[in-house]
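Engineer:
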Amino acid sequence: MSPTPIADNPEFGRLAVILAWISGFVDAVGYVLLDHIFTANMTGNTVLLGIDLAEGNWTEATRHAATIPLFILGAFIGATLLDGLLRTRFGRGIIFGLETIMIGGFWLIGWWYAEDPTGGWRYHVMLALLTVSMGMHTVVLPRVAGKVVRTTFVTGTLTSLAEEAATGLAGRSRDASAAQHRIVLAATWTAYLLGALAGGVAVRATGFTSVIFPVTLLAALALFDAGSSHAEKRGEDGRA
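Residues in the sequence shown are numbered consecutively from 240, following this note's numbering.
#1: How big is the Cα-Cα spacing for methionine 341 and isoleucine 422?
#2: For phenylalanine 251, which three-state DSSP category applies?
#3: Drop a sphere of 10 angstroms on the beta-carbon of arginine 443, count the other beta-carbons inside from all chains shown, and report buried for 16 or more, exposed for fewer.
#4: Using three-state DSSP, classify alanine 384 as helix, strand or coil.
#5: Is it true that the CB of threonine 306 sits closer than 8 Å to the CB of threonine 377?
#6: Please classify aspartate 464 as buried or exposed, where buried requires at least 16 other C-beta atoms within 10 Å of its C-beta.
#7: Can you list, in chain order, the residues of its chain whose CB lies under 7 Å from that of leucine 320, leaving out five sequence neighbours each side?
#8: Should histidine 303 be labelled buried (16 or more other beta-carbon atoms within 10 Å of its own) or exposed?
#9: What does the Cβ neighbour count give for aspartate 247, buried or exposed, with the cut at 16 atoms within 10 Å?
#10: Would DSSP call phenylalanine 277 helix, strand or coil?
#11: Are there three or more Cβ pairs, one per stretch, closer than 8 Å when the region 270-277 is compared with the region 434-454?
#12: Would you please state the rounded distance, in angstroms, between the beta carbons of leucine 432 and isoleucine 257? I believe it to be under 8 Å.
#13: Along the chain, where does the alpha helix (DSSP H) containing valine 371 start, and where does it finish?
#14: Measuring alpha carbon to alpha carbon, tell me which residue in Leu287, Ala426, Leu397, Glu338 is nearest glycine 313.
#15: Rank Ala279, Phe264, Leu460 by C-alpha distance to the C-alpha of leucine 366 and give the top, closest one.
Spelled out as structure tokens, the structure:
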């Protein structure tokens, strides 16, 4: 028996909420510490890029523009891992582990160069670490109950929630799966907001050390998935 693909398990609605909280937290921290750059919200960066170009602010335009290919790179890496030989929890655990290392590297640079943490090359490295990690983050859990759920941006989430609500009100979607999806969408947006709130409070209180919260969560998720993957493998070997 082959392992169940991670995206087909409706229980991952709870995981979607956790991942959205992490995204909101990291996006808020990056926005504050990287001088008003989003590392998960590419819609915001695209709008800011357009404003920069209109105002002839080429330095800011370059910084906002750089996030787009970095985010795409992260999403490409994550999708490649998940669509290759790593379709089970083990593949997702690897992504969580890589995110832990990248966000931990962001913290380490900020701590080591405390006097000027975002000066020169350090700024670009830190921007790349957070943005690539969030690109990977967005593809980890693309579906809950067979439908798309994104955990690094919420405009699409709110749109999907409104569409699902309209469909349900019209009586065209009353099954448990549709109801579950609506609940997950609403909870995902709420978690993103609460993550951003927590990140905003934490970064003002502790600076770069604030990322210890998402780093700890991601490390725990990586270890949990590694253990679960090992248990699943042993179970399959026992049934063989």
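Each residue gets a CB set at the ideal place from its N, CA and C atoms; glycine is no exception.
Model, not experiment: these values are computed from the prediction.
Structural biologist: By the coordinates alone:
#1: Taking the straight line joining both Cα atoms gives about 31 Å.
#2: The answer is helix: DSSP assigns phenylalanine 251 an H, G or I state.
#3: With a 10 Å radius around the Cβ and a threshold of 16 neighbouring Cβ atoms, arginine 443 comes out exposed.
#4: Bear in mind that a pLDDT of 48 at alanine 384, under 50, signals an unreliable position, so the number given afterwards is only what the model happens to contain. Alanine 384 falls in the coil class under three-state DSSP.
#5: Taking a C-beta distance under 8 Å as the contact criterion, threonine 377 and threonine 306 do not qualify as a contact pair.
#6: A residue is called buried when at least 16 other Cβ atoms come within 10 angstroms of its Cβ; aspartate 464 meets this threshold and is buried.
#7: Once the five neighbours on either side are set aside, the close Cβ partners of leucine 320 are Gly330, Ile333, Ile334.
#8: Looking at its Cβ environment, which holds 16 or more other Cβ atoms inside 10 Å, histidine 303 is buried.
#9: Unreliable placement is indicated for aspartate 247, whose pLDDT of 48 sits below 50; the coordinate value is still reported in the next sentence. Classification of aspartate 247: exposed, given that the 10 Å Cβ count is below 16.
#10: If DSSP states are grouped into helix, strand and coil, phenylalanine 277 belongs with coil.
#11: Look at the beta carbons and you see the region 270-277 touching the region 434-454: at least three pairs across the two are nearer than 8 Å.
#12: Between the beta-carbon of leucine 432 and that of isoleucine 257 there is about 14 Å, and that puts the pair past the 8 Å contact cut.
#13: Unbroken alpha helix (DSSP H) run through valine 371: 360-378.
#14: Minimum Cα distance to glycine 313 is reached at Glu338.
#15: The option with the nearest alpha carbon to leucine 366 is Ala279.
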